[in-house]
Amino acid sequence: MTNIGPGTLAGSAEKRPGLLIACGALAREIMAVLDAGGLDGLDVTCLPAHLHIRPQLIAEAVRAKVRLGKQSHENVFVLYADCGTGGDLDAVCAEEGVTRIPGAHCYEFFAGAETFAAMSDAEPAAFYLTDFLVRHFDRLVYAGLGLDRYPELLDDYFGNYRRVVYLAQTKNPDLEAQAKAAAVRLGLDYEYHFTGYGGLAAFTTHANQTAKQAANQRVST
Amino acid sequence: MAEDNNLNDNEDDDLDLKSLNDEDLVAQMHDDLYDGLKAEIAEGVNILLSRDWEPYEVLTKALVEGMRIVGIDFRDGILFVPEVLMSANAMKAGMAILRPLLAESGAPQMGKMVIGTVKGDIHDVGKNLVSMMMEGAGFEVIDIGINNPVENYIAALEEHNADILGMSALLTTTMPYMKVVIDALKAKGVRDDYVVLVGGAPLNQAFADSVGADAYCVDAAVTVEIAKDLMARRQGSGVDRMTLAAEG
Ligand code: B12
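Here the protein sequences line up with chains V and D, keeping their order.
Whatever position you read off the first sequence (first residue = 1), add 3 for my numbering.
Whatever position you read off the second sequence (first residue = 1), add 203 for my numbering.
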């Protein structure tokens, strides 16, 4: 578990304005958005990225973080898509009274819901990469699926897929080359689609605003 | 490549499957299935057949029982998806030998199931496992693959005069499509001609109820149990299936 951001969580008697509880796969992107916008109303804490392959554990793990976060922060936000919890995460957020970024998974909120729906309608047999997945392709995708140990499983996993679509958060020729190489390794066609930070930027910026406004109101009352 | 490793393993162990008595051979086959050793499973199946085992007995005692153990360890987080796939592929190698023999030997016929992953969804590891275990339990399985629009399901159900419809979805965005299929069956007035089973990691019983399925099945072993149960009740007492669903 990582705590990143301008301040430490424990130790101060006064609550800090905002806490963003995020998937570890998004930490780098969130920090980039915070830095670029000079957003100083939010601390960030992450759950381990590998939870996404055990989505049944996500909702309760988020709940625990939310409860802890409320002790140290005035406003708590959840930067986690549904991520295969089948609605359980929404139920937890409603019960705990916190908002989460809209979307089924991070591919959807990076690309934007409409764009993603159109893309997957046009080509359902696509496997999506993000900057994070390109960076960690060997470990998380290739070895994560056991393809390093059992390369003969490639067809069981990807036999029905036609292309890799790299949804890029940043314009980075190195990552693009790695994404292309990943497509070759999976035996699939390659497509590039620049998304920027998409819904992640919008949600983070909005959370920062909400937290700061609430803090300002408290100061002025 | 792993195949080579397997062969090496075998040489190291220097285990001659033929030298084992039936009981030890079946236990060894459970281990080999667990370890995903295709060639060994095929060999074990052939040895048992040469000892005059009925194909159906080989299937249930050596293969299905072995996969049941794999299923339990997968559920308990001891085995992961790649290992399960290796085991499934080993079982497939055994099934390939047994399938033609089973057809000849009049093994029990439990019913027919059409199964497929819904439109927009390409996940099929779980569906394939369910297909295999249902076949292993004596069901005839018509697997219509991935990314299925409603027309595919209906065409397959009609063409094969199926008893059971199975739908799989792994994405929160595709699971609502199950309702589209069930509603289409209702609109045609044929919903109650079929037992409808649904599955996939993000689903649960409440979701199955909300789309009007007969049951949610958490894994392949549970699917087999529920399918057998619903088929037996359906054939046995003539109780209509809406009552069953309400009871279940
Ligand atoms: C392996 C996997 C893949 C493989 C799929 C290979 C294949 N050929 O199927 C690959 C890597 C290709 C893949 C691709 C994608 N995946 Co995927 N995938 C998984 C993963 C890790 C495991 C699924 C699996 O195979 N489990 C093993 C089997 C044995 O279990 P099972 O499927 O649950 O099946 C059992 C039961 O559910 C039940 N069952 C299943 N079907 C049926 C049907 C019936 C009728 C019955 C009765 C029972 C039943 O019995 C089965 C056997 O016991 C899950 C996470 C998870 N743990 O669930 C994510 C997951 C499902 N994937 C996800 C995503 C987002 C995707 C992608 C969009 C990712 C991308 N980068 O592009 C694409 C999807 C593209 C598409 N259009 O479908 C998300 C879904 C999030 C969401 N909001 O819905 C998950 C939850 C991961 C995550 N948290 O991000 N994926």
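Virtual Cβ for every residue (Gly too), placed ideally from N, Cα, C.
Treat the numbers as computed from the prediction; the structure is a model and nothing was measured.
Separation of residue j from residue i, as counted between CA atoms
i: D/R302; j: D/A416; result: 30 Å
i: D/V261; j: D/A411; result: 35 Å
i: V/K18; j: V/G106; result: 29 Å
i: V/A121; j: V/L136; result: 22 Å
i: D/N331; j: V/T208; result: 43 Å
i: V/E77; j: V/L54; result: 26 Å
i: D/M434; j: D/G314; result: 8 Å
i: D/L223; j: D/S371; result: 40 Å
i: D/D443; j: D/K431; result: At D/D443 the pLDDT is 48, less than 50, meaning the model places this residue with poor confidence; the figure from the coordinates comes in the next sentence. Approximately 16 Å between the Cα atoms of the pair.
i: D/G269; j: D/K295; result: 12 Å
i: D/T320; j: V/L82; result: 29 Å
i: D/D422; j: D/G274; result: 8 Å
i: D/E354; j: V/Q74; result: 53 Å
Helix, strand or coil at residue i according to DSSP, with G and I counted as helix
i: D/N350; result: coil
i: D/I357; result: helix
i: D/Y380; result: helix
i: V/H196; result: strand
i: D/V343; result: The sequence as given places Glu at residue 343 of chain D; Val does not occur at that position. Three-state DSSP puts D/E343 in a strand.
i: V/R19; result: strand
i: D/S308; result: coil
i: V/F130; result: strand
i: D/D324; result: coil
i: D/I429; result: helix
i: D/A435; result: helix
i: V/Q220; result: helix
i: D/L374; result: coil
i: D/I250; result: helix
i: D/M316; result: strand
i: D/D234; result: helix
i: D/E257; result: coil
Residue from the options whose Cα sits closest to the Cα of residue i
i: D/T376; options: D/H326, D/H233, D/A245 and D/I275; result: D/H326
i: V/R188; options: V/G201, V/F140, V/A210 and V/R221; result: V/F140
i: V/D151; options: D/R271, D/P285 and D/Y397; result: D/P285
i: D/V229; options: D/E257, D/A265, D/A245 and D/G309; result: D/A265
i: V/G40; options: V/N163, V/V47, V/A129 and V/A204; result: V/A204
i: V/R103; options: V/A25, V/P20 and V/T48; result: V/A25
i: V/T48; options: V/P58, V/A64 and V/R142; result: V/A64
i: D/H233; options: D/R278, D/G280, D/G297 and D/S253; result: D/G297
i: V/I33; options: V/Y200, V/A218 and V/V168; result: V/Y200
i: V/N163; options: V/L191, V/P176, V/V144 and V/A171; result: V/L191
i: D/I300; options: D/G323, D/I272, D/G280 and D/P258; result: D/P258
i: D/A409; options: V/A35, V/G90, V/Y193 and V/A30; result: V/G90
C-beta contact flag for residue i and residue j at 7 Å
i: D/I250; j: D/L218; result: no
i: V/A28; j: V/A52; result: yes
i: V/I61; j: V/T88; result: yes
i: V/D134; j: V/T198; result: no
i: D/A404; j: D/L373; result: yes
i: D/V401; j: D/Y380; result: no
i: D/K391; j: D/V414; result: no
i: D/S290; j: D/G369; result: no
i: D/A365; j: D/V398; result: no
i: V/A182; j: V/L132; result: yes
i: V/L42; j: V/N211; result: yes
Contact with chain C by residue i, beta-carbon distance below 7 Å
i: D/I325; result: The chain inventory of the structure shown lacks chain C, comprising the protein chains V and D.
Contact test: residue i Cβ vs the ligand FMN heavy atom, cutoff 6 Å
i: V/Y160; result: Looking at this structure, you won't find the ligand FMN anywhere; what it does contain is the ligand B12.
Problem set entry | alpha helix (DSSP H) runs wholly inside the segment 71 to 112 of chain V, at least 4 long, in chain order | 91 to 99
For this session: Run through the segment 152 to 198 of chain V for me and flag every whole alpha helix (DSSP H) of 4 or more residues, listed as ranges in chain order.
Result: 157 to 161 and 176 to 189
Exercise. Can you list the beta strand (DSSP E) stretches of 3 or more residues lying completely in the segment 386 to 425 of chain D, in chain order?
Worked result: 398 to 402
Problem set entry | 3-residue-minimum beta strand (DSSP E) runs that sit fully inside the segment 30 to 63 of chain V, ordered along the chain | 45 to 50
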